[in-house]
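**Student:** Chains as they are written, first to last, in our numbering: chain A, 937 to 1284; chain B, 48 to 550.
Here a beta-carbon is modelled for each residue, glycine too, at the ideal position from N, C-alpha and C.
This is the structure I want to talk about, given as structure tokens.
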Ligand SMILES: Nc1ncnc2c1ncn2[C@@H]1O[C@H](COP(=O)(O)OP(=O)(O)OP(=O)(O)O)[C@@H](O)[C@H]1O
Ligand SMILES: [Mg+2]
């Protein structure tokens, strides 16, 4: 913007400009810098941290959270929030697990064990339908996303309990263990890297494409940025919400299935509290809690920060009680920092 | 370069007291220099006009005086003393009427006027007093509004007056007006001018920003022109002329302001019959023909905004018919209107912008309405057209990455205009299209409008700018209290006729 720089501008203006530009970059890269600093500190503080096994471990543990966070990013970008992601993960993965560990009996007819792909598809379908239900409720009854998903979160947990009859799967009513071809998903390495990381990256790639290059992506940012403007441009807020929550539900089911594959067991209370950690990842990653601003890459970094922090505290022998406190403090600090950053960028 | 405003001038009677002095103010935003080395004085009993192209730095300067932004360099002096970095403008009697209305839509008129300072009696809020005072101050501005009505339901012009009332209620010594008339029609304008003149007689210091040259010539005592964030000149009004001011703003002489053009007018494309909506529209009928610019003029509250809202499907109407071509529109949504190839540029910018997004996604937003959700964006076309409109409409800064939030009001307006101009709509409803746009860019806007009608687009142009209607419209409908009072053909069109029929 050369025309703005004029020959008579004093030297101080130039200095101010580069100082501000630097601050801008630092602010944007904040989460990444924090992640690198944390990794550097932990490598120094614990000899077990910077090892291939530990990194693979972190990857396996963080991949499901990252996938939840991707779906959560969509919801938050529209100015909403999806509190039901962890419940959907549990419900969907329980469905897959039950189908895999016991033969399907329909109307008294024993259909035997369903093939693994069919069990997976059933789990994904459950996630998609659950998400569609969220979106439909929000779009039709125009109630706040927060309330709608708070309600369905309980419903999905309840249905998951019914599905598993309150037991761990495989459990008393199961007739076989999880097939190894399935647990491979959660435990295997491909070229030394956990397979679940690849799955998370594929999800992220597709999500980034959708947000950047499709009409839906634009609608998501428009609805979150200024709902009224979206409406006068002929974009349907309701339809956008339905897509967004369907995506979030589908991704939640993928996360749940990966989690179950890693643990070799499903459970209706799986991933409890992960909805909050997914929201924390999104916010740490710089997505505006009020919508319209942010993206998937930030959320991935946010999820890694949350994952590395948990792993590091474990290695340092910090008790799980303190870990919870630490994670909560980090989230609050990040949001405070974020508010301050926005104010100073937009105003002064 | 800056002419020092301090020396006595032949026609200003005894040197008035300097209320506030700006010395070498600079303001830098990330990646953007908004102000550089600006000095000026605000004097008691003087109306100081501030002019400049869109993005010249006028609003930024006002916000610095009002303590909303802190200057990157320079001093603000009151009574010879430099103000501290985070000063409280209210304590120094400084009030700013914002360009972008800053009211809370959900709160009532009285609550907005007294926000944070509701009168108290025996410790509880004295609503009666608040409402009485609010009504009084609004009446001074010549509006009769219910102090209990939520602001969100008012017309933009009414909101603007509430914003002014809110500032005046605090009885500031220095009043800064940032484009206060951009949504007002003539009679509200002249009422506001009476109030401003009164303030001047009482010895207030006034800064007045507008893109309307004749207004500036009529009301101000001194004109200061900013160009690219620098002081281009500051001169008493006696030494200024419209041409001179424009020359100082743009840095060169401008050609004729409004280009005239002729186009072939065809069949009706939009027919409105007997439209009734509450008390706002009481049976409006007209038709808009292909290739026509049909003007709509009226005072505040005459029903223009409701007419636009009803056609575009934003507000339901009670009875009557709307036909876009062969398509009947009834109980329709904005998406239906867009599907019938209608576009609406609404008067309230805040209703149209995606503030956190740069120009390109804001421009192309209206292209998406008939696309499948998972269809691919036309990224190339978006880039190309953004660059074209940035150049044509002189949008500044010419950036593809800066968020719209950080653009000046006039430049935001240009982006929304460009959105609808590029949308391919065949019927465009423009509600105050040139609101906040500077003289230079206006000519370009009119040139694009003329190209659109030549290509067969029809434009319903709602405007309070009489001279723009006279210059551009093929016909003008004059509205008064929800009815079309008269239809003026191009031959009958004149300033006098519009004023006569609208009152
Ligand atoms: N918060 C901000 N961050 C970055 N740049 C900004 C910000 N606010 C304003 N600017 C830039 O500062 C410059 C001056 O803007 P300003 O709003 O003062 O213009 P203006 O003279 O009031 O124009 P208009 O006539 O369109 O209202 C513009 O280039 C604008 O893009
Ligand atoms: Mg401005």
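Report yes if the CB atom of residue 466 (chain B) is closer than 7 Å to the CB atom of residue 410 (chain B), and no otherwise.
**Tutor:** Cβ atoms of residue 466 (chain B) and residue 410 (chain B): closer than 7 Å.
**Student:** Among A:1246, A:1022, A:1196, A:1249, whose alpha-carbon lies nearest the alpha-carbon of residue 1119 (chain A)?
**Tutor:** Nearest option by C-alpha distance: A:1196.
**Student:** Could you give the DSSP three-state label for residue 370 (chain B): helix, strand or coil?
**Tutor:** Looking at residue 370 (chain B) - three-state DSSP - the assignment turns out to be strand.
**Student:** Consider the Cβ of residue 418 (chain B): report whether some Cβ of chain A lies at a distance smaller than 7 Å.
**Tutor:** So yes, residue 418 (chain B) belongs to the interface.
**Student:** Counting only beta-carbon separations shorter than 7 Å, does residue 75 (chain B) have a partner in chain A?
**Tutor:** Residue 75 (chain B) counts as touching chain A.
**Student:** Find out if the Cβ-Cβ distance for the pair residue 379 (chain B), residue 350 (chain B) is shorter than 7 Å.
**Tutor:** The answer is no: Cβ separation not under 7 Å.
**Student:** In terms of alpha-carbon separation, which member of A:965, A:1220, A:1124, A:1027 lies closest to residue 1058 (chain A)?
**Tutor:** Per the Cα distances, A:1027.
**Student:** Nearest-angstrom Cα distance between residue 1061 (chain A) and residue 1030 (chain A)?
**Tutor:** Going from the Cα of residue 1061 (chain A) to the Cα of residue 1030 (chain A) covers about 12 Å.
**Student:** Counting only the same chain and skipping the five closest in sequence on each side, list residues whose C-beta sits under 7 Å from that of residue 1139 (chain A).
**Tutor:** Answer for residue 1139 (chain A): 1003, 1006, 1187, 1190, listed in chain order.
**Student:** Using 7 Å as the limit for Cβ to Cβ distance, is residue 49 (chain B) near chain A?
**Tutor:** Only weak support is given to the placement of residue 49 (chain B): the predicted model assigns it a pLDDT of 43, under 50, and the value that follows is read from those uncertain coordinates. Chain A, which has no Cβ nearer than 7 Å to the Cβ of residue 49 (chain B), makes this no.
**Student:** Who's in the neighbourhood of ligand 1, going by beta-carbon under 5 Å from any heavy atom, listed in chain order?
**Tutor:** Listed by chain position, these are B:76, B:79, B:81, B:101, B:102, B:103, B:104, B:105, B:106, B:107, B:453, B:454, B:455, B:456, B:457.
**Student:** Residue 1258 (chain A) versus chain B: which residues are under 7 Å apart at the beta carbon?
**Tutor:** What residue 1258 (chain A) touches in chain B: nothing, since even the nearest Cβ is about 37 Å away.
**Student:** Report yes if the CB atom of residue 529 (chain B) is closer than 7 Å to the CB atom of residue 329 (chain B), and no otherwise.
**Tutor:** Contact flag set, yes.
**Student:** Return helix, strand or coil for residue 1213 (chain A), following the three-state DSSP convention.
**Tutor:** Helix at residue 1213 (chain A).
**Student:** For residue 189 (chain B), which residues from the same chain have a beta carbon less than 6 Å from its beta carbon, with the 5 sequence-adjacent residues on both sides left out?
**Tutor:** Same-chain partners within the cutoff: 238.
**Student:** What do you get for residue 268 (chain B), buried or exposed, if any count of 16 or more other CB atoms within 10 angstroms of its CB means buried?
**Tutor:** With 16 or more other Cβ atoms within 10 Å, it is buried.
**Student:** For residue 384 (chain B) and residue 1279 (chain A), I'd like the C-alpha separation in whole angstroms.
**Tutor:** Each residue's Cα considered, the two are about 38 Å apart.
**Student:** Could you name the residues that DSSP lists as bridge partners for residue 277 (chain B)?
**Tutor:** According to DSSP, which records beta bridges pairwise, residue 277 (chain B) is partnered with B:274.
**Student:** Name, in chain order, the residues that DSSP records as bridge partners for residue 269 (chain B).
**Tutor:** According to DSSP, which records beta bridges pairwise, residue 269 (chain B) is partnered with B:95, B:283.
**Student:** Any idea what DSSP makes of residue 362 (chain B), helix, strand or coil?
**Tutor:** Correct three-state label for residue 362 (chain B): coil.
**Student:** Might you give, ordered along the chain, the residues of its own chain that have their beta carbon closer than 8 Å to the beta carbon of residue 1099 (chain A), omitting 5 neighbours on each side?
**Tutor:** Closer than 8 Å at the Cβ level, and outside the excluded window around residue 1099 (chain A), lie 1027, 1030, 1031, 1034, 1204.
**Student:** Using only the heavy atoms of ligand 2, determine whether one of them is closer than 6 Å to the beta carbon of residue 1263 (chain A).
**Tutor:** Result no, Cβ not under 6 Å from ligand 2.
**Student:** Could you tell me whether any non-hydrogen atom of ligand 2 is closer than 6 Å to the CB of residue 460 (chain B)?
**Tutor:** No; taking the cut-off as 6 Å, the Cβ of residue 460 (chain B) has no heavy atom of ligand 2 nearer than that.
**Student:** To the nearest angstrom, how far is it from the Cα of residue 518 (chain B) to the Cα of residue 512 (chain B)?
**Tutor:** In a straight line, the C-alpha of residue 518 (chain B) is about 10 Å away from that of residue 512 (chain B).
**Student:** Please name the residues in the stretch 414-442 of chain B whose beta-carbon is closer than 8 Å to at least one beta-carbon of chain A, in chain order.
**Tutor:** Hits within the stretch, in order: 415, 416, 417, 418, 419, 420, 421, 422, 423, 424, 426.
**Student:** Less than 6 Å separating the Cβ of residue 207 (chain B) from some heavy atom of ligand 2?
**Tutor:** No, the beta carbon of residue 207 (chain B) sits no closer than 6 Å to any heavy atom of ligand 2.
**Student:** Give a yes or no on whether the C-beta atoms belonging to residue 526 (chain B) and residue 345 (chain B) are separated by under 7 Å.
**Tutor:** In contact: residue 526 (chain B) and residue 345 (chain B) (Cβ atoms closer than 7 Å).
**Student:** Using Cβ-Cβ distances below 8 Å, what residues of the stretch 957-989 of chain A are close to chain B?
**Tutor:** Result list: 957, 959, 960.
**Student:** Residue 987 (chain A) and residue 1160 (chain A) - do their beta-carbons sit closer together than 7 Å?
**Tutor:** Cβ distance not < 7 Å, so residue 1160 (chain A) and residue 987 (chain A) don't count as in contact.
**Student:** Which chain B residues sit within Cβ distance under 8 Å of residue 1168 (chain A)?
**Tutor:** In chain order: 359, 361, 381, 391, 393, 398, 399.
**Student:** Just checking residue 146 (chain B) against ligand 2 - is the residue's beta carbon closer than 6 Å to any of the ligand's heavy atoms?
**Tutor:** Checking every heavy atom of ligand 2 against the Cβ of residue 146 (chain B), one is found closer than 6 Å.
**Student:** Residues in the stretch 1148-1169 of chain A with C-beta within 9 Å of chain B's C-beta atoms, listed in sequence order?
**Tutor:** The residues in question are 1148, 1149, 1150, 1151, 1152, 1153, 1154, 1155, 1157, 1158, 1160, 1161, 1162, 1164, 1165, 1166, 1167, 1168, 1169.
**Student:** Measure the Cβ-Cβ separation of residue 197 (chain B) and residue 181 (chain B) and say whether it is below 7 Å.
**Tutor:** In this structure, residue 181 (chain B) does not lie closer than 7 Å to residue 197 (chain B) by Cβ.
**Student:** Please list the residues of the stretch 1070-1084 of chain A that have a C-beta atom closer than 7 Å to any C-beta atom in chain B, keeping them in chain order.
**Tutor:** Residues: none.
**Student:** Can you give me the C-alpha to C-alpha distance between residue 1017 (chain A) and residue 1011 (chain A), rounded to a whole angstrom?
**Tutor:** In a straight line, the C-alpha of residue 1017 (chain A) is about 5 Å away from that of residue 1011 (chain A).
**Student:** Hey, would you say residue 403 (chain B) sits closer than 7 Å to residue 1228 (chain A), going by beta carbons?
**Tutor:** The answer is yes: Cβ separation under 7 Å.
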